[in-house]
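Residue numbers for the sequence shown follow this note's numbering, beginning at 7 and rising by one.
Shown next, in structure tokens, is the structure this report addresses.
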Amino acid sequence: MSVRNAAKRFTSVVAAASLSLALLMPTGSAFADAGFRQWVVSFRATAVQNGVSGAVYDQAFKGISDADPVVLEKARYQPEFTAPAWDYFDNRVHDESVAVGRQMARKWKPWLDRIEAKYGVDRYILLAIWSMESNYGEILKRDDVMRNVVRSLATLGYADPRRSKFARTQLIAALKILQRGDIDKSHLSGSWAGAMGHTQFIPTSYQAYAVDMDGDGRRDIWNSIPDALATAANLLRKNGWQAGKTWGYEVSLPEGRKFPAGSKSLSQWQALGVTRVNGKPFKNGAEKATLKVPGGRGGPAFLMIKNFSVIKRYNNADKYALAVGLLADEIAGYGGLVQDWKRPFTKLTFEERQELQQRLSQYGYYDGKFDGKIGEGSKAAIKAFQAKAGLTQDGHPSMEVLKSLRQN
């Protein structure tokens, strides 16, 4: 085909797409972003060239007339995480997440038995991932969090230069999910960046790992817990999960000793004075491990083995993988940390943090949810109260602050 003929053909495709989409989209003041509308029209040809039918594309974008402002706001405000280790873990590994995890372990035991037998991935790791990703599915019920995946990814593809290439790839994958029939348009929801379902898979990862565990013919990670957990297990298995092995060990370090970087066998670490905190021997001295001290030498220390790095294939962050491992161990009943995180205050239980939020709300400092998670809104409210009460304005969810609130 000549360049001229190719250009003519492309022009006719775009013109047809423009007419088709114009019939689908409303007019008037709500139809504000002409640039976005034109982007949707022009991207249709790219989607079709990559195997998406025009009918599927048109149906997916029916009623989507402008970019999602919430997505753009979240894309702009993504600060680098610099909070101390205890702040990250206290919001994810706590008595409530453990208790619900144990309830889910009982409720879904028959399916967890099958998933564990098929994929060789520890059920408690899967439960911990479910907690970390969607709070055991609770986040999927929140209309203020969940977005239309097609609209979100189109918004990023159109208006976010840093994520544009990623978003366009994910958008085509999301359209193919619709085309395959695993989920319908009205239920294709996800995070602002397109992570979907109970176990929060981006569309391309869904395509690579999603499975139909419950046998209904659809790989439904939005509504089927067996499908969602099996999909997570499939990802871990395909990335090298070692069945029957842990993710790592909490260890004690000898005082005043410096340790070389890099991987060593557990026997070599033991020869350097590194021992398990519970006094038990390492199960396989020849196994390679890496020393991690996320909170500094004053906090807990860990030797991480292969499965820790496999968890990072789910989310490539040490803190994420460690939180999954610690939460899994607590759900399983193995106990929590022996050496706790070093905090500059007295820690609250999950229920006490909910009470803290409720009391801050009662006095007009806080207008968020009473979810026990201390985010930026809770910290700002704590600081405001501390300023009023003449306390150090550190924003920490401490027993000292809660007692002061109780006395007011």
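Every residue, glycine too, gets a C-beta built ideally from N, C-alpha and C.
In the DSSP assignment, M202 is bridged to G196 and F207. For the 7 Å CB-CB criterion, S137 and G163 do not form a contact.
The alpha carbon of E358 has as its nearest neighbour, out of M310, L259, K379 and A91, the alpha carbon of K379.
Remark: C-beta atoms of G401 and W347 do not approach each other more closely than 7 Å. Boundaries of the beta strand (DSSP E) around E256: G254 to S258. By alpha-carbon distance to Q392, the top candidate from D233, V127, V407 and F308 is V407. According to DSSP, S269 shares a beta bridge with T296. Contact annotation: V46 and F67 have beta-carbon atoms nearer than 7 Å.
Residue pairing from DSSP places L309 in a beta bridge opposite Y255 and L297. Closest in C-alpha terms to A199, from the list E293, T210, S192 and D222, comes T210. A Cβ-Cβ contact shorter than 7 Å links L333 with A134. Counting only runs that start and end inside the region 39–69, the alpha helix (DSSP H) elements of at least 4 residues fall at 40–55 and 60–66.
The beta carbons of L181 and A53 sit closer together than 7 Å. DSSP places T281 in the strand class (E or B) of the three-state scheme. Between the C-alpha atoms of P232 and P266 there is a straight-line separation of about 43 Å. The Cβ-Cβ distance between T175 and V77 does not fall below 7 Å. Cβ contact annotation for K385 (same chain, cutoff 7 Å, sequence separation greater than five): G401, in chain order. Within the model, the alpha-carbon separation for N97 versus E144 is close to 15 Å. Bridge partners of R153 according to DSSP: G196.
DSSP places M110 within a helical segment (H, G or I) once states are collapsed to three.
Here P403 is buried: its Cβ has 16 or more other Cβ atoms, across all protein chains shown, within 10 Å.
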